[in-house]
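Scroll down for the structure; my scribbles are underneath it.
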Amino acid sequence: MKYFVLGAGSWGCTIAQLLKDNGHNVMLWAHTKEHADSLNERKTMPHIPDVRLDVPVTNDINEGKTADVIVLAVPVQYIRGVLEKINFKVNVILNLSKGIEISSGKRVSEIVDEVLKCPYAILSGPSHAEEVALHLPTAVVVAGHVAEVFQKEFSNEYFRVYVHNDVAGVELAGALKNVIAIAAGIVDGLGGWDNAKAALITRGLYEIAKFSAAFGANPLTFMGLAGIGDLVVTCGSKHSRNRRYGEMVAKGYDPIHLLEASKEIVEGAYTCKAIIENYGDKFELPIISEVYQVIYNRKSPVESIKSLMNRSLKVEMGEVVKWLEKNLKD
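Residue numbers (my numbering): 9 to 338.
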């Protein structure tokens, strides 16, 4: 198959090279001509300079008109603008990006449907580009249009793909785990407390499942690779930009200045803004709300932890258990 990968960051480049190594015809699209020319000249991965990039890069989005699949690896807040540049028929979009649009509160599948009205699939899971590029063992899921085809096209000896049937769940798991990872980084920055971090990840997973169920997602999705798998790696990895951002905030760096100075997109910071400003009055989301307060209202991380610990006492997993009981009964 012929693939056209939109987005020449580390993940877009890594997936493009994986597809090339799997025997497919692949081309990369970069946002600027300067970036495209640089990659064509250097032939190495951005941020992973020891790994070769043997894929042609263009700045002309119309080069994708002959592709069988458009792969989307663009930061979520820019996706709508990039898709609006496409003036040819798209057979299918395969999305790799994780997040929610701030201006609308929409998932990537909803943006694609609005702009292109074409079939859609998403590939997600615990998959830092730095390790996939080095051919280290990785397992992910793919959900949506012709998922079984993508499973075969992407899988190889170091990259294993499972099929899933819950597009909304896979999308929301990938988006919201970045917010929880910022909170995990804050815990690391305050002292790396094991008990607190374990509780945070567990309660964060519950918060993700509770929120996502309202949008048709199956809470059981979050027990798999797209959910707990991606959450664990993003909350703990040295490669996680979201965790690293939270750690720096806890150490006293200004959260907004960090975002503005970062060379990489900290998706969790924008996702929590999208969630709170679009849905904050409809859902009880304590961890996501506190991350928002720390970033955008500069609340002290220590005070945020106190706010979480002093909330009214709850039944663990209460709302998700109710959802499961109702749906299993039906």
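Backbone N, C-alpha and C fix where the C-beta goes; we use that ideal spot for every residue, glycine too.
- Bridge pairing for W37: L14 and T66 [DSSP].
- Of the candidates V240, L233 and A234, V240 places its Cα closest to the Cα of R211.
- Only residues of its own chain outside the window of five on either side were considered, and among them G107, I108, A183, N186 and V187 have a CB closer than 6 Å to the CB of T279, listed in chain order.
- Fully enclosed alpha helix (DSSP H) runs of no fewer than 4 residues occupy 175–198, 202–221 and 238–244 of the segment 165–249, in order along the chain.
- Within the segment 266–313, the complete alpha helix (DSSP H) runs of at least 4 residues fall at 275–287 and 294–304.
- Exposure of V329 is indicated by the presence of fewer than 16 other C-beta atoms within 10 angstroms of its C-beta.
- N103 is bridged by DSSP to L80 and I130.
- Using a C-beta cut-off of 8 Å, the segment 51–60 makes no contact with the segment 81–91, since fewer than three inter-stretch Cβ pairs fall below that distance.
- When Cβ pairs closer than 8 Å are counted between the two stretches, the segment 199–218 is seen not to touch the segment 153–164, the count staying below three.
- When Cβ pairs closer than 8 Å are counted between the two stretches, the segment 192–208 is seen not to touch the segment 144–155, the count staying below three.
- The Cβ atoms of G17 and L36 do not sit closer than 8 Å to each other.
- Rounded to whole angstroms, the separation of the alpha carbons of N48 and V257 is 36 Å.
- Counting only the Cα atoms, F223 lies some 25 Å from Q159.
- L80 places its beta carbon 8 Å or farther from that of N99.
- A direct Cα-to-Cα measurement between K322 and L316 gives close to 12 Å.
- In chain order, V241, S245 and H247 place their CB closer than 7 Å to the CB of H136, counting only its own chain and leaving out the 5 sequence neighbours on each side.
- Residue state for P263 is assigned as helix, using DSSP reduced to three classes.
- Taking a C-beta distance under 8 Å as the contact criterion, V175 and S117 qualify as a contact pair.
- With a contact defined as Cβ atoms closer than 8 Å, G276 and T229 miss out at about 19 Å.
- For the set A38, Y11 and T40, the Cα lying nearest the Cα of K28 is the one of Y11.
- In the DSSP assignment, I110 falls outside any alpha helix (DSSP H) and carries neither an H nor an E.
- For I56, there is no enclosing alpha helix (DSSP H); the residue is found in the beta strand (DSSP E) stretching over I56 to R60.
- Taken atom to atom, the span from the alpha-carbon of Q85 to that of E298 is near 22 Å.
- Taking 8 Å as the upper bound for CB-CB distance, G133 and I190 are not in contact here, some 19 Å apart.
- Judged by beta-carbon spacing, P83 lies beyond the 8 Å limit of S112, meaning their Cβ atoms are not closer than that value.
- By alpha-carbon distance to I69, the top candidate from I284, L124, D121 and F96 is F96.
- Nearest to L14 by C-alpha distance, out of I273, H39 and N30, is H39.
- Here I264 is exposed, its C-beta having fewer than 16 other C-beta atoms within 10 Å.
- Ranked by Cα distance from R249, the first of V123, L266 and R319 is L266.
- Distance from the Cα of N173 is smallest, within the candidate group A192, E138, A141 and A234, for A234.
- With a contact defined as Cβ atoms closer than 8 Å, A181 and D238 qualify at about 6 Å.
- Under DSSP, T22 shares a beta bridge with no residue.
- Between the beta-carbon of I284 and that of I296 there is about 7 Å, and that keeps the pair under the 8 Å contact cut.
- The beta-bridge partner set that DSSP reports for M53 consists of I56.
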